[in-house]
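> Heads up: the sequence shown runs through residues 48 to 277, numbered per this note's numbering.
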Amino acid sequence: MKIKTAIVTGASSGIGKAIAQKLAAEHIQVVLVARSKDKLSSIAEEINKQGNGKVIAILADVSKRDEVESMVHKARQVFGSIDMYVNNAGLMLNAVVTEGKVDEWEQMVDVNIKGVLYGLYQVIPEMIKQQYGHIINISSVSGSEVTKTSTVYSATKFAVRAISIGLEKELAHTGVKVTNVSPGMVDTRLIENNHSKRTPLDTADIANAIYYAISQPDHVNVNELTIRPV
Ligand code: NJP
Numbered sequence: 048m049k050i051k052t053a054i055v056t057g058a059s060s061g062i063g064k065a066i067a068q069k070l071a072a073e074h075i076q077v078v079l080v081a082r083s084k085d086k087l088s089s090i091a092e093e094i095n096k097q098g099n100g101k102v103i104a105i106l107a108d109v110s111k112r113d114e115v116e117s118m119v120h121k122a123r124q125v126f127g128s129i130d131m132y133v134n135n136a137g138l139m140l141n142a143v144v145t146e147g148k149v150d151e152w153e154q155m156v157d158v159n160i161k162g163v164l165y166g167l168y169q170v171i172p173e174m175i176k177q178q179y180g181h182i183i184n185i186s187s188v189s190g191s192e193v194t195k196t197s198t199v200y201s202a203t204k205f206a207v208r209a210i211s212i213g214l215e216k217e218l219a220h221t222g223v224k225v226t227n228v229s230p231g232m233v234d235t236r237l238i239e240n241n242h243s244k245r246t247p248l249d250t251a252d253i254a255n256a257i258y259y260a261i262s263q264p265d266h267v268n269v270n271e272l273t274i275r276p277v
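So this is what it looks like as structure tokens:
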């Protein structure tokens, strides 16, 4: 495995935390990114105690371009090159168009779409230069399906999937891989108000699927992963 260092956004809870734990357990050095200082510090401490991959925490709001730029800069100062970037930070707020909750729509667009692009902008040129890297974009099953309550959230996740599809073509022959991940329901705070009868997946199920994608041989690019509860 060529991946030695990874940045995981939204690592202060849920799926991002599980991805960071899995990568560190596989001896990858991880930069944990989110806005909650205390949560990030305690996750970093907990992972570092296990003594596998070293982990550091950097605070950043991914919807702020300058904060993403400075986070990636700091990550490079500590770890040198960045081999993997996991665009996981995301929000699912009230998404119904007819209720007109413009502030919520703007937050979702800013974090779920612009946040993804800001991260890519910072890491891709170096990955192309080193002829190696892996981008993981966390979209959703809502990136290919829309319900009457998910319109705006789905729009942002369709956008993430579109970015993954286009980026894979842009990066063909560069050595940089792109994987779009579409989770179904996963047991995190994001689905607090969900009343589905299916038992949600564990966050570790998503982390394990991502590890499958990154542990393939150099010539294999797993472009799409959809993971749903049975
Ligand atoms: O949610 P949650 P998940 N800047 O709320 C961070 C997708 N997904 O793990 O900043 C930086 O536990 C926030 O950190 P903090 C979903 O769309 C999920 O379920 O400290 N970070 C926290 O660490 C999302 O893309 C399900 O508040 C920001 C993290 O994001 C991804 O999975 C299904 C931020 C959110 O953790 C992880 O969500 C599906 C910002 N501006 C897709 N704003 C599911 N759970 O069922 C938020 O299809 N964060």
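No residue lacks a Cβ here, since even glycine has one placed at the ideal position from N, Cα and C.
1) Shorter than 7 Å, the distance from the beta carbon of Lys51 to the closest heavy atom of ligand 1, or not?
2) Quick check: the Cα distance between Gly127 and His181, rounded to an integer number of angstroms?
3) Closest to Ile238 by CA distance: which of Lys96, Glu93, Thr56 and Ser60 is it?
4) Can you tell me the Cα-Cα spacing of Lys204 and Thr250, whole angstroms?
5) Within the present structure, is the beta-carbon of Gly147 separated from the nearest heavy atom of ligand 1 by less than 7 Å?
6) Between which two residues does the beta strand (DSSP E) harbouring Glu271 extend?
7) Starting from Val80, trace the alpha helix (DSSP H) in both directions and tell me its first and last residue.
8) If you measure between the beta carbons of Gln76 and Thr56, is that distance less than 8 Å?
9) Taking 7 Å as the line, does the beta carbon of Ile54 fall inside it for any heavy atom of ligand 1?
In terms of the structure at hand:
1) Flag unset: Cβ of Lys51 not near ligand 1.
2) One C-alpha to the other measures close to 16 Å.
3) Restricting attention to Lys96, Glu93, Thr56 and Ser60, the CA atom closest to the CA of Ile238 is found in Ser60.
4) Straight-line spacing of the CA atoms in Lys204 and Thr250 works out to 19 Å.
5) Between ligand 1 and Gly147, a heavy atom-to-CB distance of less than 7 Å is absent.
6) Looking at the DSSP string, the run of the beta strand (DSSP E) that includes Glu271 is Glu271 to Ile274.
7) Not the alpha helix (DSSP H): Val80 falls in the beta strand (DSSP E), residues Gln76 to Ala81.
8) Cβ distance not < 8 Å, so Gln76 and Thr56 don't count as in contact.
9) Distances between the C-beta of Ile54 and the heavy atoms of ligand 1 are all 7 Å or more.
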